[in-house]
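Student: Starting off with a structure, shown below.
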Amino acid sequence: MMILGIETSCDETSVAILNYGSRQIKLAAHLISSQAKLHAPWGGVVPELAARRHTEVIIPLLDQALKKAGLTSSDIDLIAVTAGPGLITALQVGVETARALALVWKKPLIGVNHIAGHLVSPFLNINNWKLINNKSTWPAVALVISGGHTEIHLLNKAGDWHLLGRTLDDAVGEAFDKTAKLLKLPYPGGPQVAKLAKIGNPQAFVFPRPMLNKPKYDFSFAGLKTAVLYTLQKFSPSKITTKLKADICASFQAAATEVLVLKTLKAAQDYKVKTIIVAGGVAANKELKQRFISNTKSLQTINHLLFPNTKYTGDNAAMIALAGGIEAKKQGLKNFKNGWSKIQAQANWELW
Amino acid sequence: MIKKIITSSPAETYQFGKNLANKLKGGETMGLIGNLGSGKTTLVKGLAKGLGIKQTITSPTFVLMKVYKTKHKTIKQLVHVDCYRVPGIELETIGLSDYLNQPDTVVAIEWAEKIPKKFKMTIKLQFKTKNKSNERFIKLIKLL
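For the protein sequence lines, the chains are A and B, in the order given. Residues are numbered in my numbering as their position in the first sequence, beginning at 1, plus a constant of 41. Residues are numbered in my numbering as their position in the second sequence, beginning at 1, plus a constant of 1486.
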């Protein structure tokens, strides 16, 4: 099955063509046009600017992808597009493009949940794909962390998920970005905080580990960001050196990653799962990955710890094509025959 | 009308928001002004509870605007807006104007000092903190 994936939920325009087989998957083309520079002066994504840029680049990107794959529209069996959650103006560009293509090309169309895409993103790695129908893999818990999301899901198998907990206020990526802004670091702030943290002392400041002792799997990062603010207020502007900033970054990162790791491990043990999945933009954080590796080493019940390749941690159409393929296999392709007349962009589409 | 109150914990700020919900009729545009961590979102969480919203109110910073369905006689929805990142004018393009001054809608805007004057606030809430204590000084100003 040849799947055309389209993703425009935020600030990346992405098109992928995925050759989907139960034994093997192969990306025939995968293109991402990032808008990060466009939004940098605003310290975050501006919806109208994002939508305009998506509109400009999506058709050229589509042409390029087909050319790169050496295919034409007639080779496509299914179109999969992110329908939500995300910025409504941005989502609409992808959804309306996909609907038009599906109508004109007479192809089935599936609206994919963006989080569902992140949940399957580690399986884009060919070695991990072999695990997708393997008994040693399921059940799994998955942590999805990005600028807009912080959620833990229980997965009985691929495409069968249940929300266990989520942030009650700020997403963890947002806490990273707000910390960066407080420290006057350039946008996007998350990677900048991680970079400075490398030369800082993670024990310099004791920041709160919010919700760590609560029995549920919910998160809260608003208080952590406020703690950073209060710490900074204790110093006069002339005392805020790079060394101090690095110590704050390292201490902040230590607090945030500890909560993420321990909450996920708790869910993994409570639900006796065999696999832990970590996905989303913040999954690219090396310190977090290290902590997950060292904390799961001693756990004999965990067979697999799966991270996406770094190129699939951010928003991308490859994961959308894959999630669409898994769902189409489950429900049957004919269910999506008149997809163009059914789907619409949903900014607040909840997964459960 | 100006009302000043001091809350001594997030729970009290939440309760203040919850009580405030009982006094709303619909059509209000509330501007919340105050630094990071001064209690704006906590107040909106209480407000949402008071309006009978069951969902968790999470930060709208990333998506800029979130719409919640309420369980209330006259108010049908609460719109939670955040101008922290983006000047208010940009919010027009994602449909903020559709919700303002609607009799069945309450709009709560955080970082409202960044919003253009043409969006008329009916209630202004100013938040002040004092160092590390949990105390919050909240000033409520009814404008219309």
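All C-beta atoms in this analysis are idealised placements derived from N, C-alpha and C, irrespective of residue type, glycine included. Note that the structure is predicted; figures quoted are calculated from it, not measured.
1. Can at least three beta-carbon pairs, one atom from the stretch 1509–1527 of chain B and one from the stretch 1611–1623 of chain B, be found at a separation below 8 Å?
2. Using Cβ-Cβ distances below 9 Å, what residues of the stretch 195–215 of chain A are close to chain B?
3. If the cut is a Cβ gap below 7 Å, which residues of chain A does F1548(B) touch?
4. Residues of chain A with CB closer than 8 Å to the CB of E1576(B), please, in chain order.
5. Report the rounded CA-to-CA distance for K78(A) versus N242(A), giving the unit in angstroms.
6. Need the endpoints of the beta strand (DSSP E) that L374(A) sits in, please.
7. Taking buried to mean at least 16 other C-beta atoms within 10 Å of its own C-beta, is Q76(A) buried or exposed?
8. Let me check understanding here. Comparing Cα to Cα, which of A199(A), H190(A), L68(A) lies closest to K176(A)?
9. Exposed or buried, which one is I240(A) when buried takes at least 16 other CB atoms within 10 Å?
10. If you follow the beta strand (DSSP E) that Q1612(B) is part of, which residue opens it and which one closes it?
11. Just the C-alpha distance for G206(A) and K257(A), rounded to the nearest angstrom, thanks.
12. Nearest CA to the CA of G1520(B): which residue from K1610(B), I1488(B), K1531(B)?
13. What does V182(A) pair with, by DSSP beta-bridge criteria?
14. By the 10 Å Cβ neighbour count, where 16 or more other Cβ atoms means buried, how is A57(A) classified, buried or exposed?
15. Can you say whether G1517(B) is buried or exposed, counting buried as having 16 or more other CB atoms within 10 angstroms of its CB?
16. Contact check, A92(A) vs A131(A) under 8 Å by CB: the rounded distance?
17. Tell me the rounded alpha-carbon separation between F262(A) and S292(A).
18. Mind listing the chain A neighbours of L1533(B)? Cutoff is C-beta to C-beta under 7 Å, in chain order.
19. Less than 8 Å between the beta carbons of K286(A) and L329(A), yes or no?
20. Go ahead and pull the three-state DSSP assignment for Q1541(B).
21. Looking only at its own chain, which residues have a Cβ that is under 7 Å from the Cβ of S1495(B), when we skip the five neighbours before and after it?
22. Using CA coordinates, which residue listed in G127(A), I44(A), P251(A), G373(A) is at the minimum distance from T267(A)?
23. Does chain B have any CB closer than 8 Å to the CB of W393(A)?
24. Under 7 Å Cβ to Cβ from G188(A), same chain only, skipping five residues before and after it: list those, please.
25. In three-state DSSP terms, what is T54(A)?
26. Verify the CB distance criterion: does N389(A) have a CB-CB separation below 8 Å to chain B?
27. Could you say if the stretch 150–169 of chain A and the stretch 1500–1515 of chain B meet the contact criterion of at least three C-beta pairs nearer than 8 Å?
28. I'd like the span of the alpha helix (DSSP H) that includes V136(A), first residue to last.
29. In chain order, what residues of the same chain lie with their CB nearer than 7 Å to the CB of E1599(B), ignoring the 5 residues before and after it?
30. If you run the structure through DSSP and keep just helix, strand and coil, what is K1509(B)?
31. Any idea if M360(A) is buried or exposed, counting beta-carbon neighbours within 10 angstroms, 16 or more meaning buried?
32. For D201(A), I'd like the list of residues in its chain whose CB is within less than 7 Å of its CB, leaving aside the five on either flank, ordered along the chain.
33. Between the alpha carbons of Y1570(B) and L1630(B), how many angstroms are there, rounded?
34. In the structure shown, what three-state DSSP assignment does W202(A) receive?
35. On the DSSP letters alone, give me the boundaries of the beta strand (DSSP E) that V153(A) sits inside.
36. Where do the N-terminal and C-terminal ends of the alpha helix (DSSP H) with K108(A) fall, by residue?
Tutor: Quick look at the numbers:
1. yes
2. R207, T208, L209, D210, D211, A212, G214, E215
3. Going along chain A in sequence order, the residues near F1548(B) (Cβ under 7 Å) are G188, G189, A212, E215.
4. For E1576(B), the chain A residues whose Cβ falls inside 8 Å of its Cβ are V87, P88, E89, in order along the chain.
5. 30 Å
6. Where L374(A) is concerned, there is no enclosing beta strand (DSSP E), given that its DSSP letter is neither H nor E.
7. It is buried - the Cβ of Q76(A) has at least 16 other Cβ atoms within 10 Å.
8. A199(A)
9. exposed
10. 1609–1615
11. Whole-angstrom Cα-Cα distance: 7 Å.
12. K1610(B)
13. V182(A) pairs with L195(A), I317(A).
14. buried
15. By the Cβ-count criterion, G1517(B) is buried, with 16 or more other Cβ atoms from all chains shown falling within 10 Å of its own Cβ.
16. The Cβ separation is near 5 Å, so the contact holds.
17. Taking the straight line joining both Cα atoms gives about 14 Å.
18. The contacting residues do not exist; L1533(B) stays about 15 Å from chain A at best.
19. no
20. Looking at Q1541(B) - three-state DSSP - the assignment turns out to be coil, as it is neither helix nor strand.
21. Taken in chain order, the residues that qualify are N1620.
22. Nearest option by C-alpha distance: P251(A).
23. Residue placement at W393(A) is flagged as unreliable, the pLDDT there being 48, under the threshold of 50; the coordinate-derived value follows with that caveat. Judged by the 8 Å Cβ criterion, W393(A) is not in contact with chain B.
24. A212, G214, E215, D218, G322
25. Here T54(A) sits in strand by DSSP.
26. yes
27. no
28. Start and end: 129–146.
29. The answer, listed in chain order, is I1519.
30. In the three-state DSSP reduction, K1509(B) falls in the helix class (H, G or I).
31. buried
32. Closer than 7 Å at the Cβ level, and outside the excluded window around D201(A), lies no residue.
33. So the alpha carbons of these two residues sit roughly 25 Å apart.
34. In the structure shown, W202(A) sits in a strand (DSSP, three-state: E or B).
35. Here the beta strand (DSSP E) through V153(A) covers 150–154.
36. 88–110
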